[in-house]
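The next block holds one structure in the form of structure tokens; read it before the comments.
Numbering (our numbering), first residue to last: 8 to 62.
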């Protein structure tokens with residue numbers, strides 16, 4: 008089964024760019040998410056964490 012998939016992927020021209028592109032998209036998303044988390048205002052985090060305790 009793996010040989011059939013490998014054979015099909017070897018015949019596609021330009022296939023080697025897809026793993027690189029997917030890694031760059033994942034890396035950009037991860038960096039963007041980390042930036043968003045660390046730049047979030049501390050007051051807003053405290054307000055959101057106390058939300059379930061409010062009546």
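The beta carbon of each residue, even a glycine, is placed where N, CA and C say it ideally should be.
Between residue 34 and residue 42, the alpha-carbon positions lie close to 12 Å from each other. Taking the C-beta atoms as reference points, residue 30 is found no nearer than 8 Å to residue 22. For residue 25, the enclosing alpha helix (DSSP H) covers residues 24 to 46.
Rounded to whole angstroms, the separation of the alpha carbons of residue 36 and residue 27 is 14 Å.
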